[in-house]
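Only one structure is covered here, and it is reproduced in the block below.
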Amino acid sequence: MLDLSLTQMAQGLAERKFSSIELTQAFLQRIKTVNPQINAFITVTEPEALLAAKAADNQLAEGKATPLTGIPIAHKDLFCTKGVKTSCASKMLDNFIAP
Numbered sequence: 593m594l595d596l597s598l599t600q601m602a603q604g605l606a607e608r609k610f611s612s613i614e615l616t617q618a619f620l621q622r623i624k625t626v627n628p629q630i631n632a633f634i635t636v637t638e639p640e641a642l643l644a645a646k647a648a649d650n651q652l653a654e655g656k657a658t659p660l661t662g663i664p665i666a667h668k669d670l671f672c673t674k675g676v677k678t679s680c681a682s683k684m685l686d687n688f689i690a691p
């Protein structure tokens, strides 16, 4: 699943070839495997990602999905997310948790 294009992921979700939870788990496993070597992620919010994937699967099942529903995303450590450590890769903000 990791080498699918965004369009192929969306199509696979729509056709129920796989779930958003399965897709998210695949990406989380990849992060666990390679992040120690490449240090691409400062913070990984696995429980939140899986909850969002479950919600996306429910939307897909109910026919209430948008084109990108269920596609995992990553964003830079400069967007504040309530309750999540956000350092902007700065030592000065190392322990900042967004309110």
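Here the working numbering is used: the first residue of the sequence shown is 593, the next is one more, and so on.
C-beta atoms are modelled at their ideal positions from N, C-alpha and C, and glycine is treated no differently.
Quiz item: Looking at C-alpha atoms only, which residue of Glu607, Ala647, Val636 is the closest neighbour of Gly662?
Solution: When Glu607, Ala647, Val636 are compared, the shortest CA-CA separation from Gly662 is found for Ala647.
Quiz prompt | Contacting residues, own chain, Cβ-Cβ under 6 angstroms from Leu620 (five flanking each side not counted) | solution = If you ignore the 5 residues before and after Leu620, its C-beta comes within less than 6 angstroms of the C-beta of Glu638, all in its own chain and listed in chain order.
Self-check item: Host alpha helix (DSSP H) of Pro639 (start-end)
Solution: From DSSP, the alpha helix (DSSP H) with Pro639 extends over 638-654.
Practice problem: Just mark Met567 as buried or exposed, buried being the case when its beta carbon has 16 or more other beta carbons within 10 Å. | Solution: There is no way to answer for residue 567, as the model of the chain reaches only from 593 to 691.
Quiz item: Given Lys674, which residues of its chain have a CB within under 6 angstroms of its CB, disregarding the five upstream and five downstream residues?
Solution: Result list for Lys674: Ala690, in chain order.
Quiz item: Thinking C-alpha only, which one of Asn687, Thr658, Asp686, Val626 is nearest Ala602?
Solution: Of the candidates Asn687, Thr658, Asp686, Val626, the one whose C-alpha sits nearest the C-alpha of Ala602 is Thr658.
Quiz item: CB Ala632 to CB Leu594, shorter than 8 angstroms?
Solution: Leu594 is positioned such that its CB atom lies no closer than 8 angstroms to that of Ala632.
Exercise. Have a look at Leu596, Ile623, Gln629 and flag the residue whose alpha-carbon is nearest the alpha-carbon of Phe610.
Key: Residue Leu596 is the option with its Cα nearest to Phe610.
Self-check item: Coil, strand or helix - Ile630 by DSSP
Solution: If DSSP states are grouped into helix, strand and coil, Ile630 belongs with the helices.
Quiz prompt | Best match in Gly604, Thr599, Ile623, Leu605 for proximity to Ala666 [C-alpha to C-alpha] | solution = Measuring from the Cα of Ala666, the nearest candidate turns out to be Ile623.
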